[in-house]
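Asker: First to last, the sequence lines map onto chains A and B. Quick note on this note's numbering: the first sequence kicks off at 6 and runs consecutively. Quick note on this note's numbering: the second sequence kicks off at 6 and runs consecutively. Just so you know, even glycine gets a beta-carbon here, dropped at the ideal spot from N, CA and C. Given the structure is predicted, the values throughout are model-derived calculations rather than measurements.
Number of protein chains: 2
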Amino acid sequence: MSFDRLIDNIREKQNPTVAGLDPKLDYIPDYIKASAYEKYGKTFEGAAEALFEFNKGLIDALCDIVPAVKPQAAYYEMYGWQGVRALERTIAYAKEKGMFVITDGKRNDIGTTMQAYAAAHIGTTDIEGTEADAFGADALTVNGYLGTDGVKPLLDICKNSDKGIFILVKTSNPSSGELQDRKLDDGKTVYRTMGDMCEAWGEEAPGKLGYSSVGAVVGATYTEQLGELRAALPHTFFLVPGYGAQGGGAADVAPAFDEKGRGAVINSSRGIMCAWKKEGCAPEEYAAAARREAIRMRDEIVSYIGEIK
Amino acid sequence: MSFDRLIDNIREKQNPTVAGLDPKLDYIPDYIKASAYEKYGKTFEGAAEALFEFNKGLIDALCDIVPAVKPQAAYYEMYGWQGVRALERTIAYAKEKGMFVITDGKRNDIGTTMQAYAAAHIGTTDIEGTEADAFGADALTVNGYLGTDGVKPLLDICKNSDKGIFILVKTSNPSSGELQDRKLDDGKTVYRTMGDMCEAWGEEAPGKLGYSSVGAVVGATYTEQLGELRAALPHTFFLVPGYGAQGGGAADVAPAFDEKGRGAVINSSRGIMCAWKKEGCAPEEYAAAARREAIRMRDEIVSYIGEIK
């Protein structure tokens, strides 16, 4: 149970990062799109094929050095069920290559509906007595605004498996403070209150390496809060978006880690996916450029935190 | 723009309710499942076909008396992309029958990612210069924990169309108060603060009938808060879940309406979908039973609020 498997992947590769797979068509080299459109037309099916082929190249180039991928559901849903099928194929391919897969869906609901999301994304679905994976990711991002009723169905799966969830605590965007930074009448911020809830929920699903199955999303763009939350939530593993394109650097994310170099995984999406554009290399080299950027990012972060024990 | 079209549908049918389409396999008569499995096996494709056929029967039976449907994305996602295709087919069919379609997805994210969700669910997706509907609903439920960055991409669509959004304010579940009822340091609750944000966001997309394109989800199970919010948020249209199976009755939801009988649409999911089980009628009559329950619910609510002007 818990994020032990993710942490083991991170230690083995000495790389506390995750590659975001948010494949906008703009990011994808023309030759991949042309080939997909030739087969399926300029349709959702064609676009979905291009997304998958692009992801496949990235996964092949990254899987021996990057422990995890984080596909963002929105970029698949925008191409209808065909796009959603590309999400499913991407998850399956990344798992086949040994990567830990975090579906970034920020799902939230209650009761039987949340059970359905839990089954869809980190559990299994029953059809007349046979259980099958729908999307079958290893972890899911979750919005906790609805309280325990929205988390319990996920916890029920986490307690009996090595699956995990990341709950939005302090998000990386400029307006995150409109609600999250507001102080409650006990003097605590909303984000800190949500963080405390994560720590409490996590007690039901502890891990062997110090972190429970209930993680938190905390943005790289709020480095002070990262440090505050790391100290306050000793059993809550952090997924940290906002590195790179959103402005966070290695120094900003360093406070997310504990003294063993554990406790967080740092996401980069555009930085890795669009490395070929930034480098100005040939489009055919997009995956090699992604690998170069992933190595640069790894080395930069590890230079701040040292060996991951 | 705004919810004018929904309100017009409600006035025309004198029925302020929406039928939730949360088709669990358990709710679906055996003869529909048997036929779907015969065609596609006991697979996600078979299950998805059963969901769609069940929904189609409900839509046919309800479309002349119920103004809107609310498919809940989770129950489709649990059957993988095949289930998601059933969601797409359901939305298209309900629109063809003149119903206003609210996708209950509680989506949330920021920036370009939220743009992708907005395109997916209430906007259109561009593929090499051609715009197409991915899911093409009329409205989407949204979680506002991330603040304005998560709402603006939706507002951009609402401002130039007749689409709308419903933001979670006070949800119907028992644990909704863990965060939502907490008081901020200015003495206002979190839910009221979120409600005020809805009212402010809505100023950018006002409607001709008094309500903006930014609605709020407020549970039937919290009748006092319904009244408080109705008074405080005069331009915010309410989507009210929790009627029936979750315990809310017509008296509980009456405070959601304004003096013209406008201002809210009340959802029933299980009550309508499972009416055939509750009645104990023949499974082949499930749609007729759903219609009988929809009429009963309409009459009960209208007896409290009077004519919808």
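Report yes or no: do three or more beta-carbon pairs, one from the stretch 176 to 184 of chain B and one from the stretch 157 to 165 of chain B, lie closer than 8 Å?
Answerer: Too few Cβ pairs lie closer than 8 Å, so no.
Asker: Looking at chain B, which residues of the stretch 21 to 32 of chain A have a Cβ within less than 9 Å of any of its Cβ atoms?
Answerer: Against chain B - using a Cβ distance shorter than 9 Å - the residues of the stretch 21 to 32 of chain A are 27, 29 and 30.
Asker: Identify each residue in the stretch 61 to 89 of chain B for which the Cβ-Cβ distance to at least one residue of chain A is less than 9 Å, and report them in chain order.
Answerer: So the list reads 77, 78, 79, 80, 81, 82, 83, 84, 85, 86, 87, 88 and 89, given in the order they occur along the chain.
Asker: Consider the Cβ of residue 187 of chain B: report whether some Cβ of chain A lies at a distance smaller than 9 Å.
Answerer: Yes, its Cβ sits closer than 9 Å to a Cβ of chain A.
Asker: Grab me the residues of residue 185 of chain A's own chain with a C-beta within less than 6 Å of its C-beta, minus the 5 sequence neighbours each way, in chain order.
Answerer: If we look at residue 185 of chain A and ignore the five residues flanking it on each side, its Cβ neighbours are 175, 195 and 196.
Asker: Does DSSP put residue 216 of chain B in a helix, a strand or coil?
Answerer: Residue state, collapsed to three classes: coil.
Asker: Using three-state DSSP, classify residue 61 of chain B as helix, strand or coil.
Answerer: Note: residue 61 of chain B maps to helix in three-state DSSP.
Asker: Is the beta carbon of residue 11 of chain B less than 9 Å from the beta carbon of residue 33 of chain B?
Answerer: No.
Asker: Could you work out which residue in B:72, B:268 and B:30 is closest to residue 18 of chain B when comparing CA atoms only?
Answerer: The residue with the shortest Cα to Cα distance from residue 18 of chain B is B:72.
Asker: Check residue 72 of chain B in the structure and name its three-state DSSP category.
Answerer: Note: residue 72 of chain B maps to coil in three-state DSSP.
Asker: Using 9 Å as the limit for Cβ to Cβ distance, is residue 288 of chain B near chain A?
Answerer: So no, residue 288 of chain B is outside the interface.
Asker: Give me the Cα-Cα distance between residue 247 of chain B and residue 228 of chain B, rounded to the nearest whole angstrom.
Answerer: Going from the Cα of residue 247 of chain B to the Cα of residue 228 of chain B covers about 11 Å.
Asker: In terms of alpha-carbon separation, which member of A:225, A:130, A:203 and A:16 lies closest to residue 240 of chain A?
Answerer: Looking at the Cα atoms, A:203 is the closest of the given residues.
Asker: Considering only residues of the same chain and omitting the five flanking positions on each side of residue 124 of chain A, which have a CB-CB separation below 6 Å?
Answerer: Excluding residues within five positions, the ones whose Cβ falls inside 6 Å are 130.
Asker: Are the CB atoms of residue 82 of chain A and residue 139 of chain B nearer to each other than 9 Å?
Answerer: Yes, these two residues count as a Cβ contact at 9 Å.
Asker: Tell me the DSSP bridge mates of residue 194 of chain B?
Answerer: Residue 194 of chain B is bridged to B:188.
Asker: Which class does residue 78 of chain A belong to by DSSP, given the choice of helix, strand or coil?
Answerer: Of the three classes helix, strand and coil, the one that applies to residue 78 of chain A here is coil, per DSSP.
Asker: Is it right to say residue 301 of chain A is buried, meaning 16 or more other beta carbons lie within 10 angstroms of its own, or is it exposed?
Answerer: Its Cβ having fewer than 16 others within 10 Å, residue 301 of chain A is exposed.
Asker: Considering only their Cβ atoms, is the gap separating residue 214 of chain B from residue 267 of chain B smaller than 9 Å?
Answerer: Contact: yes.
Asker: Over what stretch of residues does the beta strand (DSSP E) that includes residue 144 of chain B continue unbroken?
Answerer: 144 to 147 is the extent of the beta strand (DSSP E) around residue 144 of chain B.
Asker: Please compile the residues from chain A whose C-beta is within a distance smaller than 9 Å of the C-beta of residue 151 of chain B.
Answerer: In chain order: 111, 148, 173, 176, 178, 180, 181, 183, 184 and 185.
Asker: Taking residue 263 of chain A as the reference, which of A:274, A:243, A:276 and A:86 has the closest Cα?
Answerer: Ranking the options by Cα distance to residue 263 of chain A, first place goes to A:243.
Asker: Any chance you could list the alpha helix (DSSP H) runs of at least 4 consecutive residues sitting entirely within the stretch 150 to 190 of chain A, in chain order?
Answerer: Qualifying alpha helix (DSSP H) stretches, in chain order: 157 to 163 and 182 to 185.
Asker: Looking at the secondary structure, which residues open and close the alpha helix (DSSP H) in which residue 118 of chain A lies?
Answerer: Segment 116 to 126, the alpha helix (DSSP H) holding residue 118 of chain A.
Asker: When you compare only the Cα positions, how much space is there between residue 122 of chain B and residue 272 of chain B?
Answerer: So the alpha carbons of these two residues sit roughly 23 Å apart.
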